[in-house]
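> Quick one: this structure, given as structure tokens, is what I'll be asking you about.
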Amino acid sequence: MSYSGGGGGGGAGGGYNDQRGYSSRGGDHNRGYEDPNRPSSGATALEGMTIAVEVVIVVDMKSVVDIPARHILQEATEEDHPVTETVEVTELLLLEVMTRVVTAVVVDIEASQIRASKKSGVAGLMGGKTMQLQVNYFGVSVNSLPPEIFKYHVDVERSPDLAADSKYGPSGADQKDETMGDELKEEGKQEGKEEKGEDKDVEMSDVSAAPPKREQRPDRPLPRALVRNIINAALRQYESEFAGIRVVHDGMSALYAPSMLPWDAQSKTFVEVNPDGTTPTPPPAPAPGQPPRRGFKPRTFVVKMKLAESIPTSSLTDYYSNPDVNVMPVLQALDVAARHLGAQRLIAVGRNFFSMKKTFPLKGGKELCWGYHQAIRIADRKLVMNVDQAATVFYAPKELMELVLAALNARSANDIRGLSDRDSKNLARALRKIEVVPTHRKDRKKAIFGVSAQPADHTMVSIKGEEMSVADYFSKRYNTQLRFPQLPLVNVGSKRPGKESWLPIELCEVAPGQRCSNINDLDTAEIIRQTSQPPKTRQETIIDQVRQAGFENDPYLSAFGVKIEQRLETTEARVMDPPDVQYANVSERPSGGQWNLRDKRFVEGATLRNWGVVINANVGERDVQGFVRNMVDMGNKSGLTIEDGNPYIIHQDHHRGAQVEELMKMCFEELKQRNKGPPQLIMVIKQDKSVGSYGDIKRMSDTMLGIPSQCIVSANVRSAKPQYCANVCLKINMKLSGKNSILREPLPLVSTAPTIIIGADVEHPRSGMGSRPSIASVVASLDRYSAKYVARVAAQKASSDIQLLPHMLRDLFLAYYQSTSRKPEHVIYYRDGVSEGQFYDILQTEMRALRKAFKMISDDYNPPVTFIIVNKRHHMRAFPVNQRDGDRKGNVVPGTVIDTGIVDSHRYDFFLYGHSGIQGTSVPCHYTVLHDENKMSAEDVQRLTYHLGYTFARCTRSVSFATPAYYAHLAAGRARFFLNEGSDGASTVGSFNSSSSNFDFTELHNDLKNCMFFI
894 MSYSGGGGGG GAGGGYNDQR GYSSRGGDHN RGYEDPNRPS SGATALEGMT IAVEVVIVVD
954 MKSVVDIPAR HILQEATEED HPVTETVEVT ELLLLEVMTR VVTAVVVDIE ASQIRASKKS
1014 GVAGLMGGKT MQLQVNYFGV SVNSLPPEIF KYHVDVERSP DLAADSKYGP SGADQKDETM
1074 GDELKEEGKQ EGKEEKGEDK DVEMSDVSAA PPKREQRPDR PLPRALVRNI INAALRQYES
1134 EFAGIRVVHD GMSALYAPSM LPWDAQSKTF VEVNPDGTTP TPPPAPAPGQ PPRRGFKPRT
1194 FVVKMKLAES IPTSSLTDYY SNPDVNVMPV LQALDVAARH LGAQRLIAVG RNFFSMKKTF
1254 PLKGGKELCW GYHQAIRIAD RKLVMNVDQA ATVFYAPKEL MELVLAALNA RSANDIRGLS
1314 DRDSKNLARA LRKIEVVPTH RKDRKKAIFG VSAQPADHTM VSIKGEEMSV ADYFSKRYNT
1374 QLRFPQLPLV NVGSKRPGKE SWLPIELCEV APGQRCSNIN DLDTAEIIRQ TSQPPKTRQE
1434 TIIDQVRQAG FENDPYLSAF GVKIEQRLET TEARVMDPPD VQYANVSERP SGGQWNLRDK
1494 RFVEGATLRN WGVVINANVG ERDVQGFVRN MVDMGNKSGL TIEDGNPYII HQDHHRGAQV
1554 EELMKMCFEE LKQRNKGPPQ LIMVIKQDKS VGSYGDIKRM SDTMLGIPSQ CIVSANVRSA
1614 KPQYCANVCL KINMKLSGKN SILREPLPLV STAPTIIIGA DVEHPRSGMG SRPSIASVVA
1674 SLDRYSAKYV ARVAAQKASS DIQLLPHMLR DLFLAYYQST SRKPEHVIYY RDGVSEGQFY
1734 DILQTEMRAL RKAFKMISDD YNPPVTFIIV NKRHHMRAFP VNQRDGDRKG NVVPGTVIDT
1794 GIVDSHRYDF FLYGHSGIQG TSVPCHYTVL HDENKMSAED VQRLTYHLGY TFARCTRSVS
1854 FATPAYYAHL AAGRARFFLN EGSDGASTVG SFNSSSSNFD FTELHNDLKN CMFFI
């Protein structure tokens, strides 16, 4: 783990000193909170927790000279004894106060469990109106459920002869045995590399020889798709053993039956299960002059089934009156039953099903595929099935060459002449785990593990004592002359050294039905265009998908006594009024979730005196100067004072070959020398929206130079539209510590007592990005208007919880105190990036982290916390029953909240439409209040959450989810650029090693730690 810690803030010590009075709400926006003598209403200390003060550090800035930025933070686990932490005291040098470092030790885990909040009621009308909405939920009738559902544990093993070889790749590839292919299994050498020992012949599949002894190692797990096929094969081969009982399974380890299977014992073992069918695969035709090849040996497996438990279906009705009843087992069983038929007919990806009949071609050997999502959920005293349109990207079943060209950004194979180390790594990452079929043999599909260091005509192998290149081997063995011998080879054998098997790229086709997770910005833009549907169209599509799914005639659902209704559910919703947005000279009531900056001045306008422009695009200086004039004019109108209307400009044309980072550094140094101090901002003109150059720019400004940067795409320089210039001014003003606007109405709780609003998120690397670390980010408000925030970011090994949360929170609390001279009396915590299955674990872990952070401030500091989960990754869509209740596009209007009907009556959750959809069908945000020590009413939680969406600083629109969570998401995305495969010379705070890569996390520059650098 590594943490880019913060500059802290004012008095820390054994506690905060209450110095500033808090006046009544309203009036001057710089006034404090009402009731200066109001005591903290914090809850009692966490039961079962013993807080041990480990060390008290007196920081003397004169005695500390060179303290390294890298630091190690040792966490005390629940089983550990208290340990002393080594902390980075540089972040507290300006405080010159005592800082307590404490370790919280859980001595009684059960006593310290945090209880999830239950719904105490629904909100009132809140000055809005009610309406009827249709939602993409379909009623589930369970009147004919069997009394019990029987769950069997399924275990799939390789047959003994196959288990000895253990030749199943981890990527979903089929098995790879000695007779499977004639690809080169190199045990020779590559040209230019020294080798110890004698040359060995290449293992060939048609060479009769005793197999070499294999190292004993644990069996690799079977691919999920293969496991599903094996279980299906067992059900077919041994159909009589199930006595006509329709069973369903999840494709992994669980099988469900509506009645007990008629076995003498409670378990059964099925042997010789063959997922490939009974017809043996014929051998490929031999090359001219070569002996005949052997056929493929069929794969067989052992499937064991054992009764695990009987699930009483009465728990479903019991739950409606008693929320402590565990209803999940029966829900899971019914959900598996509902998905079973779709999994047999279509390609299953999680809870989504796709058919390759309807696709749209994308660039780079990919295609967009449509399907549907389905899941059974519990609602208000009933079950519903959520069905929605789904789309994902698959690799097109074409030549592998198309993917290679896209990965290397080449137009043709002839353009590829020798790969740099960076290109080789990028290519290996792009092709990793993709399954291919060799075109010269039409073997079973094989997974790619990597690429060769040398091209085909330089990769040398020794076959029966004769040394030759791979290109020559294919010419002699298959009479196949490679068209592109200069290309590298793909390894379809094993990632273990010495076990590689090489195939030429041009002799590989991509196997069909493979989902692609390597999606770039161009793909994303095209996906949005293709999947965007008006509400009415999406509604009709969903209804049609339910009909096509065939739930009415599903024999498995019938066997379990389940019936799916064919019409959309209807629920009641309410619309909250928007807040007035206050500027320095005027306020405005947004309409449809939006307003504009015309004739408005920022509440606190910053002053830009020292800045420069880097031109890294094909745009002339005259166009840039015209854009700067428009920016100066717009800034002065809106309250951002740009004193230097003729900034220093450096153009890439005057520094041929210089990278954008070098241009930025030159600009920085020139401005620093001219103005006797570092610049406040560097504006960078980019050619396009490519992520690569954007990351280079932000990494340089955020970690090396320590000043904000503002990227401008060249097309916007030429057009210089007033609205665009206004949006840029919004961002620059916040980056320079200004304040754009506030809300005129008081925020619930926040405006009446010192309250810190926290947003937290963990961004995980996309699938296919290898072992890159996760990025954790936490942001916190600094004022009673929740208009200013600061962020702390950290890199950590893959984990859903924020591993350094106590230390990040400590910094944010110190920053809040520096800004307000008061310690927060209440904490509101918005947590993004958590799936429903992780709710309870995250609540326990991060509430403890919050308590630990409080004790780092003061032993008796324990403010109450409201813990709210933010979820945008769901499939609920709503459509107004009456068109007059929707917007002009037919979407649900901003401020609409749903907290009855389709939500669980026992959970404290609600759906909120916080924004106006720009295109397609609007998506609400799902909020779940997991823990509420502040005792906020449902009305206050919903109104606070909705109104926070109008405080997002970089646009004049309300946003789709709570601004603190949105800021945490942006900060995590920005910190992703601080990861480097190797160091760039900046101060690093941690390294992450894997078998394939080494990543350094570069520290955020100290000068930006209390700045909204991420905006």
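Whatever position you read off the sequence shown (first residue = 1), add 893 for the working numbering. The C-beta atom is built at its ideal place from N, Cα and C for all residues, glycine as well. Treat the numbers as computed from the prediction; the structure is a model and nothing was measured.
Decide if G1842 is buried, meaning its Cβ has at least 16 other Cβ atoms within 10 Å, or exposed.
G1842 comes out buried.
> Distance check for V1354 and E1393, CA to CA, integer angstroms please.
Cα-Cα distance, rounded: 12 Å.
> Of the choices D1169, L1148 and P1168, whose alpha-carbon is the least far from that of S1160?
Considering only alpha carbons, the answer is L1148.
> Taking buried to mean at least 16 other C-beta atoms within 10 Å of its own C-beta, is S1634 buried or exposed?
It is buried - the Cβ of S1634 has at least 16 other Cβ atoms within 10 Å.
> DSSP has Q1282 in a bridge; who is on the other side?
According to DSSP, Q1282 bridges with Y1265.
> Inspect the beta-carbon positions of A1653 and Y1722 and report whether they are closer than 9 Å.
It is a contact, given that the beta carbons lie within the stated cut-off.
> Using three-state DSSP, classify T1844 as helix, strand or coil.
T1844: coil per DSSP, three-state reduction.
> Contact between the region 1312-1319 and the region 1329-1340: three or more CB pairs below 8 Å?
Short answer: they don't touch.
> Considering only C-alpha positions, which residue in the set L1707, P1773 and N1279 is nearest to D1676?
Considering only alpha carbons, the answer is L1707.
> S1667 to I1575, Cα distance in whole Å?
Answer to the nearest angstrom: the Cα atoms are 29 Å apart.
> How should P1448 be labelled, buried or exposed, when 16 other C-beta atoms within 10 angstroms of its C-beta is the threshold for buried?
That one is exposed.
> State the Cα-Cα distance for the pair T1895 and P1817, rounded to the nearest angstrom.
The straight-line gap from Cα to Cα measures roughly 36 Å.
> Measure the alpha-carbon distance for I1791 versus F1342 and round it to whole angstroms.
If I take the Cα positions, the gap works out to 48 Å.
> What residue range is occupied by the uninterrupted alpha helix (DSSP H) comprising V1643?
No alpha helix (DSSP H) holds V1643; DSSP gives it neither H nor E.
> In the structure shown, what three-state DSSP assignment does K1628 receive?
Three-state DSSP puts K1628 in a helix.
> Quick one: grab the DSSP three-state call for S1214.
Looking at S1214 - three-state DSSP - the assignment turns out to be helix.
> Output the residue ranges of the alpha helix (DSSP H) runs that lie fully inside the region 1700-1772 and measure 4 residues or longer, sorted by chain position.
Fully enclosed alpha helix (DSSP H) runs of 4 or longer: 1732-1750.
> If you reduce the DSSP assignment to three classes, tell me which class T1596 lands in.
Correct three-state label for T1596: helix.
> First and last residue of the alpha helix (DSSP H) that includes A1364?
Here the alpha helix (DSSP H) through A1364 covers V1363 to Y1371.
> Considering only residues of the same chain and omitting the five flanking positions on each side of L1320, which have a CB-CB separation below 8 Å?
Here the set comprises V1297, A1300, L1301, L1312, V1344 and P1381.
> Just to confirm my understanding: we take K1388, look at its own chain, exclude 5 residues before and 5 after, and list those with CB closer than 7 Å. What are they?
Cβ within range, chain order: F1342 and G1343.
> Would R1232 be called buried (16 or more neighbouring beta carbons within 10 Å of its own) or exposed?
Answer is buried; the Cβ neighbour count reaches 16.
> Return the CA-CA distance between D1753 and Y1682, expressed in angstroms with no decimal places.
Computed Cα separation, rounded: 26 Å.
> Return yes when the Cβ of Q1423 is within less than 9 Å of the Cβ of T1434, no when it is not.
No; because the gap between Cβ atoms is not below 9 Å, this pair is not in contact.
> In chain order, which alpha helix (DSSP H) runs of at least 4 residues are fully inside the region 1298-1333?
You should have 1314-1324.
> Counting C-beta neighbours from all protein chains within 10 Å, is the total for K1579 16 or more, i.e. buried, or is it exposed?
So K1579 counts as buried.
> Evaluate N1503 with the Cβ neighbour count: other Cβ atoms within 10 Å of its Cβ, from every protein chain shown; 16 or more gives buried, anything less gives exposed.
Looking at its Cβ environment, which holds 16 or more other Cβ atoms inside 10 Å, N1503 is buried.
> Quick one, are the C-beta atoms of A1846 and Q1027 less than 9 Å apart?
Cβ distance not < 9 Å, so A1846 and Q1027 don't count as in contact.
> In chain order, what are the residue ranges of uninterrupted alpha helix (DSSP H) at least 4 long that sit wholly in the region 1770-1847?
Listed in chain order, the complete alpha helix (DSSP H) runs (minimum 4 residues) inside the region 1770-1847 are 1831-1841.
> Using alpha carbons as the reference points, say which of V1468, K1582, S1305 and E1445 lies closest to N1509.
Considering only alpha carbons, the answer is K1582.
> Name the residue from V1164, L1115, A1118 and P1114 whose alpha carbon lies nearest to the alpha carbon of Y1131.
When only C-alpha atoms are compared, the closest one is V1164.
> Return the Cβ separation of R1867 and F1907 in integer angstroms, given the expectation that the two are a contact with Cβ distance under 8 Å.
Contact flag correct, Cβ pair sits at about 5 Å.
> Judging by CA-CA distance, which residue of D1725, F1760, S1728 and Q1731 is the nearest neighbour of M1740?
Considering only alpha carbons, the answer is F1760.
> In the DSSP assignment, find the alpha helix (DSSP H) that holds A1525 and state where it starts and stops.
A quick correction: the sequence has Val, not Ala, at residue 1525. Note, V1525: alpha helix (DSSP H), E1514 to S1531.
> May I ask you to check if the CB of S1714 is nearer than 8 Å to at least one heavy atom of the ligand GTP?
As for the ligand GTP, it is missing from this structure, which has no ligand bound.
> Could you spell out where the alpha helix (DSSP H) holding T1434 opens and where it closes?
Start and end: P1428 to A1442.
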